[in-house]
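In this note's numbering, the protein residues as written are 136 to 226. Using N, Cα and C, we set each Cβ at its ideal position, and we do this for glycine too. As structure tokens, the structure follows; a few thoughts come after it.
Right, here's the structure in full:
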């Protein structure tokens with residue numbers, strides 16, 4: 136998947152959804168490390184997806200949940216960094 140050029144990567148939105156929903160599920164179970172890992176993966180895939188495949192509002196939601204995962208793990212410096220990245224996202 137990652138070895139292909141951006142325009143030829145298949146199903147980026149589906150990969151984002153898979154990791155997003157895994158993150159949400161782990162979050163509900165209180166498994167914050169697993170949630171963090173999946174949110175990071177979803178954000179990474181979304182960043183490499185062609186525009187319009189992953190909405191900006193979904194990306195912001197992922198950043199918000201990643202910040203929550205960091206806060207729950209008391210990784211406050213990382214939470215702050217993510218919130219700064221969120222503020223830099225286009226409106």
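The region 143-162 contacting the region 180-198, beta-carbon criterion three pairs below 8 angstroms: yes
Proximity to residue 216 [Cα-Cα], best of 226, 225, 208, 198: 198
Residues near residue 225 by beta carbon distance below 7 angstroms, same chain, minus five either side: 191
Exposure of residue 222, with buried meaning 16 or more beta-carbon neighbours within 10 Å: exposed
Alpha-carbon to alpha-carbon, residue 203 and residue 220: 14 angstroms
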